[in-house]
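In terms of the working numbering, the sequence shown opens at residue 272 and continues consecutively.
Yeah, the Cβ is synthetic: ideal placement off N, Cα and C, and Gly gets one too.
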Amino acid sequence: MHDNDIERVAVLGAGSMGHGIAEVAAIAGYEVSLRDIEQEFVDNGLESIEWSLEKLAEKRQIDESADDVFSRVSGFVDLERAVEDADLVVEAVPEKMELKRETFSDVDRYAPDHAVIASNTSGLSITEMANATDRPEQVVGTHYFNPPVKMSLVEVVHGEQTSEETVEAMHSYVESVGKTPIDVKKDVHGFVVNNVLVPFMGEAAWMLDEGACTVEQADSAMVFQRGYPMGPFELNDYSGIDIGYDFLDSSEFDVPPPIAEMVERETLGRKTGSGFYEYDDGDGPTYG
Ligand code: 3HC
């Protein structure tokens, strides 16, 4: 069916990126295993996929029924069972290097020898993860953007030992799920997009801190004057204030006080109902 040797894809981590990556694979016709460490997380991920597929089906943005696509997705807590017959494993667990390395080492033990192991990290070193396996040439970054089902770009990040064959396989896979791959040939922290995007959100937060702008001013300037789909604060709320915080905190950038305070208060944007804006129904800013 596909122009590559991949039939089954395992996605590790059922959070907002993981379930979206799993959904994108299922829409493209792959059999998908979605795995998380607790059944509750798996169930939440599966529910989000169902919700999204229903929306896409209503708008005729998928060719099959939501049920037909969803029938290709299975949930797992057991890592071994999730990856034992996978041709491609995509890791989307939290952004902690030790956790990533443990996950890579386990996947290396249980996944078939031919399987490629890809990380959806936003910016951590692919080379360091690859070194936790005995197949570093088959380890690569495939960095999706939120929401994966709507965003067309995927960064294909080369680790120091990633083989040309693995890169080609990922190009073919990314294209088969209807996305555009861009190569990041240097495994630098944050790759390309986040090195541009996160400081953009950070700079706006510094201006807010200095009283130089309001949240609404900065967002409207970017949306109405520059034509961006979302301004820096709306985007920060959308992608998760903790995600931007983790990136800034693990790089040479200082974390602006408004972002640090929100992480401290656990008001992390849309997913918690409150961030730079308030969210009544989880679907858009109410400028509260
Ligand atoms: N599945 C199905 N439908 C979805 C959905 C999903 N996952 N997410 C939102 N929708 C629906 C909404 O519910 C809404 O439906 P409705 O019209 O029935 O109410 C509809 O899509 C929204 O559609 P709109 O026409 O209003 O918006 P667009 O579709 O034109 O755009 C967007 C939505 C693609 C999110 C756009 O606002 C956008 O591009 N925003 C910027 C996103 C971005 O930059 N993401 C990158 C973040 S950074 C990142 O991920 C990197 C990481 O490493 C930190």
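At a cut-off of 6 Å, is ASN417 close to the ligand MG when judged by its beta-carbon and the heavy atoms of the ligand?
Of the ligands one can find in the structure shown, namely the ligand 3HC, none is the ligand MG.
Which listed residue (PRO418, PHE518 and GLU399) has its alpha carbon closest to that of VAL411:
Here residue 411 corresponds to residue number 140 of the sequence shown, with the count starting at 1. Nearest neighbour of VAL411 by Cα position, chosen from PRO418, PHE518 and GLU399, turns out to be GLU399.
Based on Cα-Cα distance, which residue from GLU302, MET368, VAL348 and SER396 lies nearest to ASP276?
What you label residue 276 is simply residue 5 of the sequence shown in a count that begins at 1. Among GLU302, MET368, VAL348 and SER396, the Cα nearest to that of ASP276 belongs to GLU302.
When we look at the beta-carbon of PRO527 and count the other beta-carbons within 10 Å, is it buried (16 or more) or exposed?
What you label residue 527 is simply residue 256 of the sequence shown in a count that begins at 1. By the 10 Å Cβ count, PRO527 comes out buried.
Quick check: the Cα distance between ALA299 and SER287, rounded to an integer number of angstroms?
Residue mapping note: residue 299 aligns to position 28 of the sequence shown, counting from 1. Residue mapping note: residue 287 aligns to position 16 of the sequence shown, counting from 1. Going by the C-alpha atoms only, they are around 19 Å apart.
Contact between the region 510 to 529 and the region 469 to 476 is defined here as three or more beta-carbon pairs at a separation below 8 Å; is this criterion met?
Yes, the region 510 to 529 touches the region 469 to 476.
Would you call the region 500 to 515 and the region 433 to 442 in contact, with 3 or more CB pairs under 8 Å?
No: fewer than three Cβ pairs fall under 8 Å.
Could you pull out every residue in the same chain whose Cβ sits closer than 8 Å to the Cβ of SER491, ignoring the five residues on either side in sequence?
One-based indexing of the sequence shown puts residue 491 at position 220. So the qualifying residues of the chain are GLY502.
ILE308 Cβ short of 6 Å to the ligand 3HC heavy atom set:
As a first step, residue 308 must be located in the sequence shown, where it is residue number 37. Answer for ILE308: no, Cβ out of range of the ligand 3HC.
May I ask you to list the residues that DSSP assigns as paired with PHE347?
Numbered from 1 along the sequence shown, position 76 holds the residue referred to as residue 347. According to DSSP, PHE347 bridges with ARG306.
How many Å lie between SER390 and ARG279 at the Cα?
Position 119 of the sequence shown, counted from the start, is the residue given in the question as residue 390. Position 8 of the sequence shown, counted from the start, is the residue given in the question as residue 279. Taking the straight line joining both Cα atoms gives about 16 Å.
contact_flag[the region 406 to 426, the region 379 to 387] where n(CB pairs < 8 Å) is 3 or more:
Judged by pairs of C-beta atoms under 8 Å, the region 406 to 426 touches the region 379 to 387, as three or more such pairs exist.
I need the DSSP call for LEU539, collapsed to helix, strand or coil.
Your numbering for residue 539 matches position 268 in the sequence shown. DSSP, reduced to helix, strand and coil, places LEU539 outside both helices and strands of the structure shown, so it counts as coil.
Who are the near neighbours of GLU362 in its chain, counting only those whose CB is closer than 6 Å to its CB and skipping five residues on each side?
Residue numbering aside, residue 362 sits at position 91 when the sequence shown is read from its first letter. In chain order, LEU283, THR374 and SER390 place their CB closer than 6 Å to the CB of GLU362, counting only its own chain and leaving out the 5 sequence neighbours on each side.
Between MET533 and the rest of its own chain, which residues show a CB-CB distance below 6 Å, the 5 nearest in sequence each way excluded?
Here residue 533 is taken as the residue at index 262 of the sequence shown, counted from 1. Excluding the 5 residues flanking it on each side, MET533 has same chain C-beta neighbours closer than 6 Å at ILE512, in chain order.
In this structure, what does DSSP give as the bridge partners for GLY412?
As a first step, residue 412 must be located in the sequence shown, where it is residue number 141. When DSSP reads this structure, GLY412 sits in a beta bridge with SER390 and VAL428.
Go through its chain and collect everything with a Cβ distance to LYS326's Cβ below 7 Å, but skip five positions before and after it.
Taking the sequence shown and counting its residues from 1, one reaches residue 326 at position 55. Answer for LYS326: no residue qualifies.
Check whether the Cβ of PRO470 sits closer than 6 Å to any heavy atom of the ligand 3HC, and report yes or no.
If you number the sequence shown from 1, residue 470 lands on position 199. Distances between the C-beta of PRO470 and the heavy atoms of the ligand 3HC are all 6 Å or more.
THR437 bridges to which residues according to DSSP?
Counted from its first residue, the sequence shown places residue 437 at position 166. Note: THR437 is not bridge-paired with any residue in the DSSP secondary-structure output.
State yes or no: is the C-beta of VAL425 within less than 7 Å of the C-beta of LYS450?
Reading the sequence shown from its first residue, position 154 is the one you call residue 425. Reading the sequence shown from its first residue, position 179 is the one you call residue 450. Taking 7 Å as the Cβ cut-off, VAL425 and LYS450 qualify as a contacting pair.
Can you say whether VAL459 is buried or exposed, counting buried as having 16 or more other CB atoms within 10 angstroms of its CB?
For this step, residue 459 is matched to residue 188 along the sequence shown. Its Cβ having fewer than 16 others within 10 Å, VAL459 is exposed.
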